[in-house]
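Quick notes on the structure that follows.
2 protein chains.
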Amino acid sequence: MSVTIYDLAREAGVGIGTVSRCLNNHPSVSVETRAKVLEVVKRLSYQPHAYAQRLASKKTNTISAIIPFFTNYFFIQVLQGVQDKAAELGFDLILYGVNNPLQAEYYLRRSLHRGHVDGVMFFSMTLPESYVAKFQQTRLPLVLVDAYHPEFDSISVKNLEGAMMATRHLLKLGHTSIAMINASLSTQPARDRMEGYRAALEEAGLPFRNDRVFVSEIGKQDGFNREAGRASMEDLIGKNVGRDRATAVFIASDVQALGALEGAAELGVRVPEDLAIVSFDDIELAQHAQLTTMRQPMYEMGVLALEKLFARLKNPDAPPSQTTFLPSLIVRRSCGARVPSEQLV
Amino acid sequence: MSVTIYDLAREAGVGIGTVSRCLNNHPSVSVETRAKVLEVVKRLSYQPHAYAQRLASKKTNTISAIIPFFTNYFFIQVLQGVQDKAAELGFDLILYGVNNPLQAEYYLRRSLHRGHVDGVMFFSMTLPESYVAKFQQTRLPLVLVDAYHPEFDSISVKNLEGAMMATRHLLKLGHTSIAMINASLSTQPARDRMEGYRAALEEAGLPFRNDRVFVSEIGKQDGFNREAGRASMEDLIGKNVGRDRATAVFIASDVQALGALEGAAELGVRVPEDLAIVSFDDIELAQHAQLTTMRQPMYEMGVLALEKLFARLKNPDAPPSQTTFLPSLIVRRSCGARVPSEQLV
DNA sequence: AAGAACAGTGGAAGCGCTTCCATGAATATA
DNA sequence: TATATTCATGGAAGCGCTTCCACTGTTCTT
Numbered sequence: 005m006s007v008t009i010y011d012l013a014r015e016a017g018v019g020i021g022t023v024s025r026c027l028n029n030h031p032s033v034s035v036e037t038r039a040k041v042l043e044v045v046k047r048l049s050y051q052p053h054a055y056a057q058r059l060a061s062k063k064t065n066t067i068s069a070i071i072p073f074f075t076n077y078f079f080i081q082v083l084q085g086v087q088d089k090a091a092e093l094g095f096d097l098i099l100y101g102v103n104n105p106l107q108a109e110y111y112l113r114r115s116l117h118r119g120h121v122d123g124v125m126f127f128s129m130t131l132p133e134s135y136v137a138k139f140q141q142t143r144l145p146l147v148l149v150d151a152y153h154p155e156f157d158s159i160s161v162k163n164l165e166g167a168m169m170a171t172r173h174l175l176k177l178g179h180t181s182i183a184m185i186n187a188s189l190s191t192q193p194a195r196d197r198m199e200g201y202r203a204a205l206e207e208a209g210l211p212f213r214n215d216r217v218f219v220s221e222i223g224k225q226d227g228f229n230r231e232a233g234r235a236s237m238e239d240l241i242g243k244n245v246g247r248d249r250a251t252a253v254f255i256a257s258d259v260q261a262l263g264a265l266e267g268a269a270e271l272g273v274r275v276p277e278d279l280a281i282v283s284f285d286d287i288e289l290a291q292h293a294q295l296t297t298m299r300q301p302m303y304e305m306g307v308l309a310l311e312k313l314f315a316r317l318k319n320p321d322a323p324p325s326q327t328t329f330l331p332s333l334i335v336r337r338s339c340g341a342r343v344p345s346e347q348l349v
Numbered sequence: 005m006s007v008t009i010y011d012l013a014r015e016a017g018v019g020i021g022t023v024s025r026c027l028n029n030h031p032s033v034s035v036e037t038r039a040k041v042l043e044v045v046k047r048l049s050y051q052p053h054a055y056a057q058r059l060a061s062k063k064t065n066t067i068s069a070i071i072p073f074f075t076n077y078f079f080i081q082v083l084q085g086v087q088d089k090a091a092e093l094g095f096d097l098i099l100y101g102v103n104n105p106l107q108a109e110y111y112l113r114r115s116l117h118r119g120h121v122d123g124v125m126f127f128s129m130t131l132p133e134s135y136v137a138k139f140q141q142t143r144l145p146l147v148l149v150d151a152y153h154p155e156f157d158s159i160s161v162k163n164l165e166g167a168m169m170a171t172r173h174l175l176k177l178g179h180t181s182i183a184m185i186n187a188s189l190s191t192q193p194a195r196d197r198m199e200g201y202r203a204a205l206e207e208a209g210l211p212f213r214n215d216r217v218f219v220s221e222i223g224k225q226d227g228f229n230r231e232a233g234r235a236s237m238e239d240l241i242g243k244n245v246g247r248d249r250a251t252a253v254f255i256a257s258d259v260q261a262l263g264a265l266e267g268a269a270e271l272g273v274r275v276p277e278d279l280a281i282v283s284f285d286d287i288e289l290a291q292h293a294q295l296t297t298m299r300q301p302m303y304e305m306g307v308l309a310l311e312k313l314f315a316r317l318k319n320p321d322a323p324p325s326q327t328t329f330l331p332s333l334i335v336r337r338s339c340g341a342r343v344p345s346e347q348l349v
């Protein structure tokens, strides 16, 4: 019923091998033959059968992305990068969106099926230890994004440097008493962001003071949530008295900052007049809440993830390639810097 | 290198046909043989080769979803429904996220490749006329979501009824002078939402007045954007004087409502005290802005989309099945209804 | 007891491609 | 002129499965 290379071969008066070579841009086909075949291809509006190609060539031209839905905006942005690059490289993208680690395992298993995908991208979650061995064994390329494992290609964000940039921005605005609201130090991002905060202070000749760091771990996500941010802010405001009171605060994430904003409003503390805020992530709501924040290059991370996968496909034996991205400062109202209103995106 | 059914057959001392029948739950295999084969399957940790299966069986167990990224929250929610149902039915989902109709065409073409996917889902865009014929010709199942064409299965939202519900809610709160802010009447949703508004008014014995409808088409998306909402609100407030001034407004979309909120704040009009607002969509920001709005059952739409595709696969000759969903009222602060604070989600 | 019906089974054919090897023609080299 | 080299080409083999047909042995029917 549908047109196959046999039909093309018959119609063009050549062999199937030649047809295949034409279609795959093999060099050893004469110009005339190629033209003749391509004419027939067009005339019969031939479409290659994807799975036959894949079975014969042992390549799938398909990759899977296992990515948590709950990251919302990050999800969309990164995915867009992945998708665009996939289109450019001619890959199909199988999306495995998950809501919990259990689902993720199911899809990891599925991705490991022979001949299913050429590679896997795993986002924002910890790779279960049992799959480390499996991926190494099958040598199925795996790229971790917003995650890390020494044995695999990975992409992450320079949290320490980002936190430094955020803190420096507050310093440049003239603040000398800067507090920090952080999430659980059991997480690497929280630790890194605090180190960056500390480094920026010390760079400016200011002391790092433990009593200026407010950590709350209530709620989900190790304290990276609204309620924890609010609790920390209330804690901060309660203690923020006297001559050396903090006039600014660096908050480890936008979601916490949103909670903090609520807490401040409730207690009558004005932002940025009484307290300037810079946070981290640049989620969609950050714009709405006019948060000055550190933006992660989400789209670019998606693009790079696919590039890494592609490179790995070409060269399976290269050592793991780890890339970290530098976040960029997005200035909005919460830090008190004066910006022309049309720049308030 | 990898385990094939030939290995299984040899190891279990049976023929490949029997192995295949075991794997596919064919009835005509004796209980003992099946047990023996399945034991070997487990022992050798056999994984079927997806593409070989697909080539031989002429089924792909894969569907593609062509969906615009710019719908953001809608995108995520619907996708989640699609994905969950796909997982349940054992389908893989190839995601083709697009940013413009041109890209969409590319992916439509790609989806039409022989043996590539079993079906296509097309979201929130108008199906190009040239593809109508192609899909009918190839008989590749196509489901339209948040879109409509008489010849295909589709899922959409009851805009008219939703607008009626929104307006009725304001009526029930005691408002008798209700304005509307709308987007371009060149779009079906805008027309339907206005008709619903009109119907609710007339049902209550109130006149529909053209001077109470404010339309702005500035910006993108036919006026379904922030700036247009703001402009309309400023227009409304400027004219909203005298005894019969409007005390409430139904706004055709949340994004417009967000702009309207800004405009109102700027002009010193309090929401909901001076002006109650109900809008439409329930995007993520609606919660943050405390908008009372009409929620579309996005997740359910995704699920149903896949169910429709599945049904079409089973029964290619059934007449097109069109489903419309009824949106539901989400009460928050912007309408002025008193709700216990813990319900303010 | 002979034949029909049927449950189980093995394996060839075939899905539509890629790739390798063999072949023949054309060209270069001695 | 004889031989080596290169280029273009045809087509068989094979990717790993499903499915169909043919075959065997058993049970049922008359």
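For the record, the sequence lines run as chains F and V. In this text, residue positions in the first sequence follow the working numbering: the first is 5, and each later residue adds one. In this text, residue positions in the second sequence follow the working numbering: the first is 5, and each later residue adds one. Positions of the beta carbon are idealized from the N, C-alpha and C atoms, including for glycine.
- Can you have a look at S158/F and say buried or exposed, based on whether 16 or more other CB atoms are within 10 angstroms of its CB? buried
- DSSP three-state call for E346/F: helix, strand or coil? Residue placement at E346/F is poorly supported in this model, since its pLDDT is 44, which falls under 50; the coordinates are not used for a value here.
- Query: From this set, G209/V, S190/V and L116/V, which residue's C-alpha is nearest T180/V's C-alpha?
  - Reply: It is G209/V.
- Could you work out which residues of chain F lie near D286/V, taking near to mean beta carbons separated by less than 7 Å? Residues of chain F passing the Cβ test: none, with the nearest at roughly 15 Å.
- Task: Tell me, please, whether the segment 31–46 of chain F touches the segment 14–22 of chain F by the rule of three or more beta-carbon pairs shorter than 8 Å.
- Result: yes
- Ordered list of alpha helix (DSSP H) runs contained in the segment 299–340 of chain F, each at least 4 residues: 302–318
- Item | Reduced DSSP category for M129/V - H, G, I as helix; E, B as strand; rest coil | coil
- 6 Å CB neighbourhood of Y100/F in its chain, flanking five on each side removed: S68, I70 and Y111
- For F329/V, which of S338/V, A309/V, R337/V and P320/V has the nearest alpha-carbon? A309/V
- Query: Would you say G263/F and R234/F are within 7 Å of each other, going by their C-beta atoms?
  - Reply: Cβ distance < 7 Å, so G263/F and R234/F count as in contact.
- Going along chain V, which residues have a C-beta under 8 Å from Q260/F? Under the 8 Å cutoff, chain V gives no residues; its nearest Cβ is about 15 Å from Q260/F.
- Message: Please list, in chain order, the chain F residues whose beta carbon lies closer than 7 Å to that of I80/V.
- Response: Within 7 Å Cβ-Cβ: F73, N76, F79 and I80.
- Query: Taking three-plus beta-carbon pairs below 8 Å as touching, is the segment 84–96 of chain V in contact with the segment 301–318 of chain V?
  - Reply: Yes: at least three Cβ pairs fall under 8 Å.
- Count the other C-beta atoms from every protein chain shown that fall within 10 angstroms of the C-beta of Q192/V, then say buried if there are 16 or more, exposed otherwise. So Q192/V ends up on the exposed side.
- Query: Below 7 Å between beta carbons: does that hold for H53/F and R118/V?
  - Reply: yes
- Message: Looking at chain F, is there any beta carbon in it that lies within less than 7 Å of the beta carbon of Y50/V?
- Response: no
- Message: Would S6/F pass as an interface residue toward chain V - the criterion being a Cβ-Cβ separation below 7 Å?
- Response: yes
- Message: Give me the DSSP bridge partner(s) of L97/F.
- Response: I67/F
- What residues in its chain sit with their C-beta under 8 Å from that of S128/F, if we drop five residues either side in the sequence? I71, P72, T75, F78, V149, D150 and A151
- Task: Write down the C-beta distance between V253/F and I281/F rounded to the nearest angstrom, noting that I regard them as a contact closer than 8 Å.
- Result: 6 Å
- State the Cα-Cα distance for the pair A350/F and R336/V, rounded to the nearest angstrom. No statement about residue 350/F is possible, as the shown extent of chain F runs from 5 to 349 and does not include it.
- Query: Just checking, does the segment 310–330 of chain V make contact with the segment 272–288 of chain V on the three C-beta pairs under 8 Å criterion?
  - Reply: no
- Task: Run the CB neighbour count on G123/V, radius 10 Å, all protein chains shown included, and call it buried at 16 or more, exposed below.
- Result: So G123/V counts as buried.
- Message: Going by DSSP, what residue range makes up the beta strand (DSSP E) through L146/F?
- Response: L146 to V149
- Identify the continuous beta strand (DSSP E) that holds D285/F and give its terminal residues. Residues A280 to D285.
- Message: Please report the distance separating the alpha-carbon of D215/F from that of G242/F.
- Response: 13 Å
- CB contact check: G117/F to chain V, cutoff 7 Å: The question names Gly, yet the displayed sequence has His at residue 117/F. Taking Cβ atoms only, chain V reaches closer than 7 Å to H117/F, which makes this a yes.
- Query: Hey, does H30/F have any beta-carbon neighbour from chain V nearer than 7 Å?
  - Reply: no
- Task: Could you tell me the boundaries of the beta strand (DSSP E) in which N186/V lies?
- Result: I182 to N186
- Item | Straight-line Cα distance separating V45/F from K63/V | 24 Å
- Specify the secondary structure class of G227/F as computed by DSSP and reduced to three states. Note: G227/F maps to helix in three-state DSSP.
- How is the alpha helix (DSSP H) around S24/F delimited, first residue to last? First-last of the alpha helix (DSSP H) with S24/F: I20 to L27.
- Where Q84/F meets chain V, residues with beta-carbon distance less than 8 Å: F73, G101 and N103
- Near L175/F, what residues of its chain come up, given a Cβ to Cβ distance below 6 Å and the 5 sequence neighbours on each side ignored? A208
- Task: Tell me, please, whether the CB atom of D150/F is closer than 7 Å to any CB atom in chain V?
- Result: no
- Grab me the residues of M198/V's own chain with a C-beta within less than 6 Å of its C-beta, minus the 5 sequence neighbours each way, in chain order. N186
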